[in-house]
Structures are given as structure tokens and as C-alpha cells.
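Heads up: the structure comes next, in C-alpha cells.
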Amino acid sequence: MNPLLGRLQPYPFERLRQLHAGVTPSPDHSPISLGIGEPRHATPELIKQAIISALGSLAVYPSTGGEPALRQSMAAWVERRYQVALDPQQHILPVNGSREALFALAQTVIDNSRPATVVVPNPFYQIYEGAALLAGAELYYAPSEPALNFGVDWARVPESVWAKTQLLFVCTPGNPAGAVMGLKEWRLLFELSDRFGFVIASDECYSEIYFRDEAPLGGLQAAWQLGRTDFRRLVTLTSLSKRSNVPGLRSGFAAGDADILKKFLLYRTYHGGAMSPVVQAASRAAWDDEAHVQLNRQLYRDKFAQVTPMLQGVMDVKLPDAGFYLWAAVPAAFEGSDTEFSRQLLAQYNVVVLPGCYLGRSAPALNVRLCNPGSGRVRMALVADVEECMQAAQRIVQFIQSKL
Ligand SMILES: Cc1ncc(COP(=O)(O)O)c(C=O)c1O
1 MNPLLGRLQP YPFERLRQLH AGVTPSPDHS PISLGIGEPR HATPELIKQA IISALGSLAV
61 YPSTGGEPAL RQSMAAWVER RYQVALDPQQ HILPVNGSRE ALFALAQTVI DNSRPATVVV
121 PNPFYQIYEG AALLAGAELY YAPSEPALNF GVDWARVPES VWAKTQLLFV CTPGNPAGAV
181 MGLKEWRLLF ELSDRFGFVI ASDECYSEIY FRDEAPLGGL QAAWQLGRTD FRRLVTLTSL
241 SKRSNVPGLR SGFAAGDADI LKKFLLYRTY HGGAMSPVVQ AASRAAWDDE AHVQLNRQLY
301 RDKFAQVTPM LQGVMDVKLP DAGFYLWAAV PAAFEGSDTE FSRQLLAQYN VVVLPGCYLG
361 RSAPALNVRL CNPGSGRVRM ALVADVEECM QAAQRIVQFI QSKL
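In C-alpha cells:
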């Protein structure tokens, strides 16, 4: 067996299951889960219709590069959304959701015949770590800072780390805290990438769910604005899962550096990364339509506008820039234990929240800072309908007040 498999950590939801194994959820309350970040708003009819209309296309093998018309739809969306002109033949590749693409991209770019480090924010989406480990790389966990709106202070990553870095994962808007990277941060990262030669993989799957007037800056957009029109060493990953409420469709795209995407296409051809023709048709319909996205965003905005102030009465939590999570500090009564908070909340109010420590890492080999920056916080996914989220918030308020 591949010995690197032994280095994979249990996935956060598995750890949550174990944490809750001995807990009897309160029988007086209906179960509400804010634990898993899975979109639950309705899938738009136009996507379902496109699937039905495309069923006849199943009798062919799709090409790994995707239909030209699909790439064209994706490029047109990038142009409308980011004012960036891409060549659909060179700068875009369809992928079966950003998860597999994040993983496969690491296998494509990492050269493990020499020392390889992958830098990730901490806390982070766990696939980055597994992708790096299975590619034979070491991890460097760069802590997100509450004082920086949970962004990372990249200037604090030692040069000795950058010197071995082959790949940097960024997540903007971030999971779990929803922070959006600005142009200044991008400029610094591009400078570092030019100096040290690493690839930047920008995970942007939450880009369409935002709470400020201005839509989040994307990596392609930042590169374009800084005159990097060849997107050198940059690949962004964008997904329909959250934008269009189709996590089951498995559809997104990678965009950016043409040389990397050429190699990525080669890797995917052997790996078997072609997208089903039915999914391609549904994806075109989704990328071509913006009305359902605006409606979806409004649903999240209304929900967050109601739930956040309720929780702010009892917890240190704020409206994120974007995404669908609240990243809240555990109140002092729990002595900073996010796991204890999660266990007791389930036992007393039948509400599931994810302990922040499961999304972060402590004591990584290379890092100066030893504590887990996810500890002492919980992640709440506001994916259910507004009534259920409000009910969960009311129970959390009661729960915390009962401890005061
Ligand atoms: C930060 C982040 N990236 C990527 C993904 C994967 O999304 P998908 O594979 O559905 O595009 C998720 C899913 O929850 C996520 O939270």
C-alpha cells in the first residue's frame, strides 16, 4: 500500500462523529445541524431542465478538455464577473468540483524528487493537506490572525520556508472565517511567487456568496489588475456547488496559467478527469445565468442579517465578508474548549456545530507557533432555511445564557 496514506488525518466530520458518539442529543429538541457546509437551498429549475434535455448525450465519451462551448461559457462568466479576458482554449479547464481539482493540481505541480513544501492557511479546508501529503510534500501551516480579519500575515512565513515551497493554497473567500484577500495581499504573494517560483492555487468556491456591496476580488482579477495578464504560476478554482446550489453535480473549473493547465490536462487525461456530457450541459446553463445566483445570495444575506445579531448578544462573532459560515469565539464559561461547547450544545439543545480545532493544526514541524489557531472557535454553517437557522441561534443564546 502507498505508505503516504498513513499520513492522512481523520476528516473533521469523522472527528465530530467520534466526539458526539457518547452524547445523547436532547430529546426535547428537534435536531439542527450547522456542522456540515453543504448547500441546502433549492437547485434551480433551469439546471434540472438542462440535465433532462442532455440525457441523450450519455452515449459518448467526453473529452477531458470539455466542449468548447462549455469553456466559452466559463470564460464569458469570468469576463462578466472579473472583467478579465481569458482564452477559453488555453486558460480554462472544466473540473468535477473544486475538491478533486485542488487535489489533482497538487499531484500535477509538485516535484517530490526535491524537497517540497506546501504552504496552507491554518485553519483550512482539509483537502489541501491530504493533497500535499499524497504528493509527497511537507506542510507549512500559516496561522490566520484574528487581528487581520482572519487573514494570514504572509510576511511572517520565513524565507527558508518559501525557498522550499512549490505550492501555496489560498482560500478566498476563506473557509472557515470568510475573509477576502485584497489587492495588496495578492501583490505580495505574486512577488513571493516570482522570487521563489511556487505555484499559487486559489480556492474561490465561495466567491458568489458575499455580504458587502462589492463582490470579492478574484485571483485572476488581481493578476489582471497588476498587469500579470499571463497569470503566471496562478491557478484559480471556481465551483458551481455553492454558487448554484448543486453540490451533487460536481462541476467547476480551473483557470489561469496556460502552461500549468496544459500539464494539468495531461494529468487529468490519464487520471480520468473528464466531465460527463450531461454535467457539461447543466454547467453551461448555470454559468450562463446570473438571476438564480443573485436570488441565492439574497437568501444568505437575509439569513445572516437575522442570525448574526442574535448571536452577537452572547458570542464574539461578526458578519463575514463572504461564505456561509459564522466563525464564533467560544464564550469564557467554556474555558476556550470548542469541543466541550459542541458536545454540551448537542446534549442540551440538539444543535451541531463544528469545533474550530478540527479545521486547524497545532505543532506543525516547521512552524514557530505551536497552538492550533482554530481552537476556541466554532464554525456554524448557515445552510438550512432561515427559520431553522433562527431556531438554532435562539437555542445557542439560551444555552450560553444558562452558563452565565
Ligand atoms: C474551501 C472549500 N473548497 C472547496 C470545496 C469543495 O467544493 P466542490 O468540490 O463542491 O466545488 C469546499 C466544500 O465544502 C470548501 O469548503
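Its first residue numbered 1, the sequence shown is counted upward by one per residue in our numbering.
Each residue gets a CB set at the ideal place from its N, CA and C atoms; glycine is no exception.
Everything numeric in this text was worked out from a predicted model, so none of it was measured.
Any non-hydrogen atom of ligand 1 within 7 Å of C416 CB:
The requested residue 416 does not occur in the structure, where the chain is confined to residues 1 to 404.
Kindly identify the DSSP beta-bridge partner or partners of W327.
Locating residue 327 in the sequence shown gives position 327, where the first residue counts as 1. The partner list for W327 (beta bridge, DSSP) reads R379.
Y325 versus D257, R232, L382, residue with shortest Cα-Cα distance:
Working through the sequence shown from its first residue, we reach residue 325 at position 325. Ranking D257, R232, L382 by Cα distance to Y325 puts L382 first.
As assigned by DSSP and simplified to three states, the class of A392:
On the sequence shown, residue 392 is found 392 positions in, with the first residue counted as 1. Helix, per DSSP.
Is it the case that the Cβ atoms of A329 and D316 are separated by a distance below 8 Å?
Locating residue 329 in the sequence shown gives position 329, counting from the first residue. Locating residue 316 in the sequence shown gives position 316, counting from the first residue. A contact, by the Cβ cut-off of 8 Å.
G97 beta carbon near ligand 1 (any heavy atom closer than 7 Å)
Taking the first residue of the sequence shown as position 1, residue 97 is located at position 97. True, at least one ligand heavy atom lies under 7 Å from that Cβ.
Here's a check: name, in chain order, each residue in its chain whose Cβ is nearer than 7 Å to the Cβ of V253, leaving out the five neighbours to either side.
As a first step, residue 253 is located in the sequence shown; it is residue number 253 there, counting from the start. Correcting the residue identity first, residue 253 is Phe in this sequence and not Val. Within the same chain, F253 has close Cβ partners M74, I92, L93, P94, V95, T238.
Just grab the DSSP bridge partners of F92 for me.
Here residue 92 refers to the residue found at position 92 when the sequence shown is read from its first residue. Contrary to the premise, residue 92 reads as Ile rather than Phe in this sequence. DSSP, once it has assigned bridges, lists A255 as partnering I92.
In this structure, what does DSSP give as the bridge partners for D111?
Looking up residue 111 in the sequence shown gives position 111. DSSP lists no partner for D111.
Meets three-Cβ-pair contact criterion under 8 Å: the segment 39 to 49 and the segment 253 to 272
No: the two stretches stay apart, fewer than three of their Cβ pairs being nearer than 8 Å.
In whole angstroms, what separates the C-alpha of L188 from that of A222?
If you number the sequence shown from 1, residue 188 lands on position 188. If you number the sequence shown from 1, residue 222 lands on position 222. L188 and A222: Cα-Cα distance of roughly 11 Å.
For D203, the first and last residue of its enclosing alpha helix (DSSP H):
For the purposes of this step, residue 203 is identified with residue 203 of the sequence shown, where counting begins at 1. Taken as a continuous stretch (DSSP letters only), D203 belongs to no alpha helix (DSSP H), being part of the beta strand (DSSP E) at 199 to 203.
Just to check, is the beta-carbon of Y125 closer than 7 Å to a non-hydrogen atom of ligand 1?
Along the sequence shown, one-based indexing puts residue 125 at 125. Indeed, a heavy atom of ligand 1 lies less than 7 Å from the Cβ.
Please classify T24 as buried or exposed, where buried requires at least 16 other C-beta atoms within 10 Å of its C-beta.
Walking along the sequence shown from the start, residue 24 turns up at place 24. Counting Cβ neighbours within 10 Å, T24 comes out exposed, since fewer than 16 surround it.
Which partner residues does C171 have in the DSSP bridge list?
Position 171 of the sequence shown, counting from 1, holds the residue named residue 171. C171 is bridged to D203.
Residue(s) in a DSSP beta bridge with E138:
Counting from 1 along the sequence shown, the entry for residue 138 is found at position 138. DSSP output for E138 lists T117 as bridge partner(s).
Any heavy atom of ligand 1 closer than 7 Å to the CB of S276?
Locating residue 276 in the sequence shown gives position 276, counting from the first residue. False, no ligand heavy atom lies under 7 Å from that Cβ.
Give the secondary structure of A322 by DSSP, where H, G and I count as helix, E and B as strand, and everything else as coil.
As a first step, residue 322 must be located in the sequence shown, where it is residue number 322. Looking at A322 - three-state DSSP - the assignment turns out to be strand.
Rounded to the nearest angstrom, how far is the Cβ of V293 from that of S251, given a contact under 8 Å?
Residue mapping note: residue 293 aligns to position 293 of the sequence shown, counting from 1. Residue mapping note: residue 251 aligns to position 251 of the sequence shown, counting from 1. 14 Å between Cβ atoms; not a contact.
Give a single yes or no on whether N296 has its beta carbon closer than 7 Å to a heavy atom of ligand 1.
The sequence position of residue 296 within the sequence shown is 296, counting from 1. Because no heavy atom of ligand 1 lies under 7 Å away, the Cβ of N296 does not count as near it: no.
What runs of the beta strand (DSSP E), each 3 residues or longer, lie entirely inside the segment 239 to 289?
252 to 256
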